[in-house]
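To start, the structure under review is shown below, and the notes come after it.
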Amino acid sequence: MFLVQLAKRLFVYANENDRFLALIPPPFPMIMKHIWLFLALTSLLAHASPTETREWTSKAGTKVTGSALAVKSGKVQLKINDKTIVVPLHQLSEEDQTFLKSHFGENASALQPAGASNAENLVTDGLAHPIGQVVGPLDAGKGTSYFLYIPKSLRKGRLAPLLHYNGAGGGSADSVQRLIAGAETNGWIIAANVQSKNGPDHPVKNHEYAKQCVEHLIDTLPIDPKRVYFTGESGGGAMTFYNAAQCKSAGGIPQIGYIPPEVRVTSGDFFIISGTTDYNRYHSAAAAKTIGKKNAIHRFFCGAHAGSPEWLMEEAIMWLNGKYLAKNKRSSQIAQEALDYEAAMIAWIKQNAENSPHRAYYWAVFLQDVYGISGTNAAALSTISSPLAQKPECVRYVEGIEAICEFSEKCYSPIPQQIDASQVFNHNTDKIISASEKLYEKFRGVPMIEEIVRELGKNSCPL
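Once you know that position 330 of the sequence shown is 1070 in the working numbering, the rest is easy, because the numbers rise by one and skip nothing.
Below, the structure written as structure tokens:
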């Protein structure tokens, strides 16, 4: 970057300082001007030239020897044994990324993520309900109603995903309020059914309430019928699975819940959430294993049988949105939305990089390894993620999330097959305690992970 700046200054000085040159007797002014121009041009050419032959290392540990010809749109052109290969910049080691950015300068960095839509592309009015406000209850017909939030990030000419809340005690304005952060980051519409709750209406009548609300919402708002998701806690978590299966929806966020015995989940993505000592933690783990790692993740918060923290619900929506867009971003109808998602996520990561670097890095890794970000946005992300990757606590946080998922599958998911449903309260095993202690020693000092893995080894809470 120093050479680029020097070259620019030489150009400016050679072309704009004739008054100074006029003080020097000829022919020296012309000679000096040509020398300056020559040095500037030489500096620019040298700065953009291929690197020397050196060893390159991928994050997976693979090593190759060759020279880098160029960096463009987040990809590196490497010449190896007279063959040119193209490698995503973020797949190289952090040391190699730093070297390339120093050598190629601005070509190796993206200044602005692609897809950051202008304000004029946002919906501000013209809908049946106000934007950016929790409203309700709204009558959906057939004895059911809901609270609603339409995000300020809703795009013109685009159908939005819907997240439908069905709680164990019925939906309220507060049920919607807790989901607004995720709704705004991702452009999702949120609705909470008032009538769905535990009791004699569970699950058949509750499903009828949910179905009626969803149909009413699709009829009255710009909602994508292929991208309906469900969420809820406890019995509402069970209804999340039930509704998703009955509606063949895109998935959901079941919290402290379980898959009802009569339900078979065959499609959709699920961000499953448990409290560390929740008595449903075993059934949630079994649900994650049944659905499989490709379409489900099991995340924990420190707590018992209670609602999830807002930050984790925001991440759940981010995860579901990313999973869907990753599968469909090559579609012309989805391409621009995918770019908007990438830009929003990069902005989120940048915003949280200082105060929550471990969480910011986790989502950078998600975009790179799970979502498959590419092009200029991959380069833009790399400029933020590279410094985070140098922090051990960030790397260990990502490893900790993976280790907790493995713990869930190995230690928790078999339990429902080993005990009666009435025995899940105040329950524990020596295997669980031992595995938790090992994780605690491994991840001691890692933000959030240390506390979670310690709590995982405690008895499940009583009823």
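Positions of the beta carbon are idealized from the N, C-alpha and C atoms, including for glycine.
- The Cβ atoms of F981 and I999 lie closer than 8 Å to each other.
- In this structure, A859 is the residue among A859, K819, M1188, P790 with its C-alpha nearest to the C-alpha of R895.
- Between L903 and P790, the alpha-carbon positions lie close to 50 Å from each other.
- A932 sits in a strand when the DSSP states are folded into three classes.
- For the pair N1068 and A1078, the Cα-to-Cα distance works out to about 9 Å.
- The closest CA to that of I1074, considering only P1156, P901, L832, G883, is found on P901.
- Within a 10 Å sphere around the beta-carbon of L1203 sit fewer than 16 other beta-carbons, which makes this residue exposed.
- About 5 Å separates the beta carbon of Y1019 from that of V1164, a gap short enough to meet the 8 Å contact definition.
- In the DSSP annotation of this structure, T824 is not part of any alpha helix (DSSP H); the continuous beta strand (DSSP E) holding it starts and ends at 823-828.
- Shortest Cα-Cα distance from V874 to any of G801, C1151, L888 involves L888.
- Pairing S989 with V968 gives a Cβ-Cβ distance under 8 Å.
- At the C-beta level, C1042 and P1097 stay beyond 8 Å of one another.
- Take the alpha-carbon of Q1130 and the one of N983: they are about 43 Å apart.
- Across the set T797, S833, S807, L809, the C-alpha of S833 shows the shortest separation from the C-alpha of P1127.
- Between the alpha carbons of G806 and F844 lies a distance of about 16 Å.
- Exclusion of the five residues before and after E973 leaves G907, A908, Q995, I996, G997, A1046, G1047, S1048 as the residues of its chain whose Cβ lies within less than 8 Å of its Cβ.
- E973 is bridged by DSSP to Q995.
- Distance from the CA atom of K966 to the CA atom of E1177, rounded to whole angstroms, is 43 Å.
- A1028 and I1155 have their alpha carbons spaced roughly 13 Å apart.
- By the CB criterion at 8 Å, I993 and A1056 fall inside the cutoff.
- When C-alpha distances from L1121 are compared across E1082, D959, T1030, the shortest belongs to E1082.
- Taking every protein chain shown into account, the CB of I1159 has fewer than 16 other CB atoms within 10 angstroms, so this residue is exposed.
- I1124 and Q1157 have their alpha carbons spaced roughly 45 Å apart.
- In this structure, DSSP gives D836 a helical state, which the three-state scheme calls helix.
- Here S1162 is exposed. Its C-beta has fewer than 16 other C-beta atoms within 10 Å.
- In this chain, the beta strand (DSSP E) harbouring F887 covers 884-889.
- For the alpha helix (DSSP H) assignment, the uninterrupted runs of no fewer than 4 residues enclosed by the segment 993-1053 are, from N- to C-terminal side, 1021-1031.
- Note on E1054: 16 or more other CB atoms within 10 angstroms of its CB, so buried under the neighbour-count rule.
- Fully enclosed beta strand (DSSP E) runs of no fewer than 3 residues occupy 794-797, 803-812 of the segment 786-813, in order along the chain.
- Its chain contains N1166, N1168 as the residues whose beta carbon lies nearer than 6 Å to that of N1199, once the 5 sequence neighbours on both sides are disregarded; these appear in chain order.
- Ranked by Cα distance from G1015, the options T1006, F1040, V804 are led by F1040.
- Between M979 and N926, the gap from beta carbon to beta carbon reaches 8 Å or more.
- Between H942 and T971, the alpha-carbon positions lie close to 15 Å from each other.
- The beta carbon of I930 sits closer than 6 Å to those of Y889, L903, V916, L919, A923, all from its chain and outside the five residues before and after it, given in chain order.
- Going by DSSP, P877 is part of the beta strand (DSSP E) stretching over 874-881.
- When beta bridges are read from the DSSP output, V968 appears opposite L902.
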